[in-house]
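J.:
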Amino acid sequence: MSLQFKDPAKPRILIVKFWALGDILMATPLIRALRTAYPSAFISWLADDRYSDILDGNPLLDEVIPFDSGSWRRYFRYANIPAYLRMSLGLQKQLKDRRFDVVINLTAEKWWAMWFNVAPVRIGLFPRAKPGFEGTLYTKAIPRTKEPWLHNTEHYLLPAEALGIPGPYEKQMVVAVRERDRASVDDFLLKSPVYRPELPILILHPGTSQATKCWPVERFGALADLVSDRYNVVVTGSSGERSLADGIVGAAAHSEKLLVAAGALPDIRQTAALIQKAKAVITGDTSVLHISSALGTPLVGVYGSTRPRDNAPMFGNSELVFVEDLPCAPCYQSHCSLSGDKHLACLTGISAHRVLEALERLLGS
Numbered sequence: 000m001s002l003q004f005k006d007p008a009k010p011r012i013l014i015v016k017f018w019a020l021g022d023i024l025m026a027t028p029l030i031r032a033l034r035t036a037y038p039s040a041f042i043s044w045l046a047d048d049r050y051s052d053i054l055d056g057n058p059l060l061d062e063v064i065p066f067d068s069g070s071w072r073r074y075f076r077y078a079n080i081p082a083y084l085r086m087s088l089g090l091q092k093q094l095k096d097r098r099f100d101v102v103i104n105l106t107a108e109k110w111w112a113m114w115f116n117v118a119p120v121r122i123g124l125f126p127r128a129k130p131g132f133e134g135t136l137y138t139k140a141i142p143r144t145k146e147p148w149l150h151n152t153e154h155y156l157l158p159a160e161a162l163g164i165p166g167p168y169e170k171q172m173v174v175a176v177r178e179r180d181r182a183s184v185d186d187f188l189l190k191s192p193v194y195r196p197e198l199p200i201l202i203l204h205p206g207t208s209q210a211t212k213c214w215p216v217e218r219f220g221a222l223a224d225l226v227s228d229r230y231n232v233v234v235t236g237s238s239g240e241r242s243l244a245d246g247i248v249g250a251a252a253h254s255e256k257l258l259v260a261a262g263a264l265p266d267i268r269q270t271a272a273l274i275q276k277a278k279a280v281i282t283g284d285t286s287v288l289h290i291s292s293a294l295g296t297p298l299v300g301v302y303g304s305t306r307p308r309d310n311a312p313m314f315g316n317s318e319l320v321f322v323e324d325l326p327c328a329p330c331y332q333s334h335c336s337l338s339g340d341k342h343l344a345c346l347t348g349i350s351a352h353r354v355l356e357a358l359e360r361l362l363g364s
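Oh and the sequence shown: position 6 is 5 in numbering that gives the first Met the number 0, straight run, nothing missing.
(1) Thinking C-alpha only, which one of Trp71, Phe99, Arg85, Lys129 is nearest Glu62?
(2) Could you tell me whether the stretch 187 to 196 touches the stretch 285 to 301, where touching means 3 or more Cβ pairs closer than 8 Å?
(3) Should the stretch 321 to 340 be regarded as contacting the stretch 300 to 308, the criterion being three or more beta carbon pairs within less than 8 Å?
(4) Is His150 helix, strand or coil by DSSP?
(5) Contact defined as beta carbons within less than 8 Å: I believe Tyr168 pairs with Leu157. What is the distance between those atoms, to the nearest angstrom?
(6) Report back the beta-carbon spacing between Ala293 and Met172 to the nearest angstrom; my notes put them in contact at under 8 Å.
(7) Is Arg11 helix, strand or coil when you go by DSSP?
(8) Measure how close the beta-carbons of Ile64 and Leu45 come, nearest whole angstrom, since I'm counting them as under 8 Å.
(9) Would you kindly work out how many angstroms separate the C-alpha atoms of Ile200 and Val226, rounded to a whole number?
(10) In the DSSP assignment, what residue or residues form a beta bridge with Val117?
(11) Which residue from Asp48, His342, Val184 puts its Cα closest to that of Leu264?
(12) Could you name the residues of the same chain whose beta carbon sits closer than 6 Å to that of Ile14, not counting the 5 residues immediately before and after it, in chain order?
(13) In whole angstroms, give me the CA-to-CA distance for Val129 and Glu359.
(14) Based on the DSSP output, what are the partners of Asn310 in its beta bridges?
(15) If you drop the 5 nearest sequence neighbours on each side, which residues of the same chain put their C-beta closer than 7 Å to that of Pro126?
(16) Which residue's Cα is closest to the Cα of Ile42: Asp55, Leu59, Ala26, Ala36?
(17) If you drop the 5 nearest sequence neighbours on each side, which residues of the same chain put their C-beta closer than 6 Å to that of Thr207?
(18) Are Asp52 and Arg241 close, meaning C-beta to C-beta below 8 Å?
(19) Specify the secondary structure class of Ile53 as computed by DSSP and reduced to three states.
(20) Looking only at DSSP bridge pairs, what is Phe66 linked to?
(21) Is the beta carbon of Asn310 closer than 8 Å to that of Leu361?
(22) Comparing alpha-carbon positions, which option in His204, Ala78, Ala140, Asp96 lies nearest Thr106?
(23) Give me whichever residues DSSP pairs with Asn231 in a beta bridge.
(24) With 16 as the cutoff for other CB atoms within 10 Å, does His352 come out buried or exposed?
(25) I need the boundaries of the beta strand (DSSP E) containing Leu298, first residue and last residue.
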């Protein structure tokens, strides 16, 4: 695609991707491709204000634009049209005032994405093979292809190809860790009476976006008992995931050895700083898996309803654990409809000892 910029010395590019953390991280290699092709470009990213912090400090970005998309969508859902239009038109004007040359919308399948089409060149990335009507809103509509199966990072790099940027592309994700977050982590650790500076840190992160991805807290607790003599076991999570952390503590026989960072280090950037400091991470199919990969921290990924196919960690050392030959898995559903012994068998079928074996293989112990 041939591009004509209003200011060839400093083209202006907007990336639109509201959520979620893992997907935003898997899309960050696109910024590097754009920066490589247009070193002097001004590159902005429009993100939901609940997730925009993960982009803060990214050295490849010039600007992060946070937006309260939760309120915005609720206004529409509950027919508060005046408030919805007020927010929509306000954001649209804010974007138009920046005079972008190119908009790359990574969620182009959403009809409301039309509000962000504020540039002469509009690249729309779709999660399906046929863009449909929404594809007509873009100068270039890019469909999803699954033959061969594309990793999500490779999917998010397709706009670079559409813009004529030659590959191969660097696929390493970008997470910037701030000094103030490192300081918060050090302060948290040193103030904990159970922290043992002579031992390495092992992170247990139980929270995911859906129940069918959450390895049971009882298994996390059993694993903590198996390793707490060798590691500072730190349970991480947001303030809303504190109950999961408490569940692990309640399930562990040696709970007095566990450090609970969930709620104490609630910012995802603080979690990233802790991950950078850790010896290894054990988590499910969630954003922390991708942060660990981006920072090169060894990780064990425990998969339930999903499989490490389109979103597996692409970098760093990892061991990916899941139940093979299970008829109902992967189902990619947010809730398990089965009952009895079959309920969440994809997760309950993974023992603490199996995850420990994966950890020991990972670390060569």
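Yeah, the Cβ is synthetic: ideal placement off N, Cα and C, and Gly gets one too.
T.: Quick answer:
(1) For the set Trp71, Phe99, Arg85, Lys129, the Cα lying nearest the Cα of Glu62 is the one of Phe99.
(2) Put simply, the stretch 187 to 196 does not touch the stretch 285 to 301. Fewer than three CB pairs are less than 8 Å apart.
(3) Yes: the two stretches touch, three or more of their Cβ pairs being nearer than 8 Å.
(4) If DSSP states are grouped into helix, strand and coil, His150 belongs with coil.
(5) Their Cβ separation, rounded to whole angstroms, is 10 Å, which puts Tyr168 and Leu157 out of contact at 8 Å.
(6) Sure, about 4 Å apart at Cβ, within 8 Å.
(7) Arg11 sits in a strand when the DSSP states are folded into three classes.
(8) Going by Cβ atoms, the distance from Ile64 to Leu45 rounds to 5 Å, so yes, they are a contact pair.
(9) Whole-angstrom Cα-Cα distance: 11 Å.
(10) None; Val117 has no bridge partner.
(11) Of the listed residues, the one whose Cα sits closest to Leu264 is Val184.
(12) If we look at Ile14 and ignore the five residues flanking it on each side, its Cβ neighbours are Trp44, Ile103.
(13) For clarity, residue 129 is Lys in the given sequence; the question names Val instead. Looking at the backbone, the Cα of Lys129 and that of Glu359 are separated by about 45 Å.
(14) Note: Asn310 is not bridge-paired with any residue in the DSSP secondary-structure output.
(15) Hits under 7 Å: Glu108, Arg143.
(16) Distances from the CA of Ile42 to each of Asp55, Leu59, Ala26, Ala36 were compared; the closest alpha carbon is that of Leu59.
(17) The beta carbon of Thr207 lies closer than 6 Å to those of Cys213, Gly283, Thr285 in the same chain, with the five residues before and after it left out.
(18) Contact: no.
(19) In the structure shown, Ile53 sits in a helix (DSSP, three-state: H, G or I).
(20) According to DSSP, which records beta bridges pairwise, Phe66 is partnered with Asp47.
(21) Contact: no.
(22) Ranking His204, Ala78, Ala140, Asp96 by Cα distance to Thr106 puts Ala140 first.
(23) BP columns for Asn231 point to Ile200.
(24) Answer is exposed; the Cβ neighbour count stays below 16.
(25) DSSP places Leu298 inside the beta strand (DSSP E), whose first and last residues are 298 to 301.
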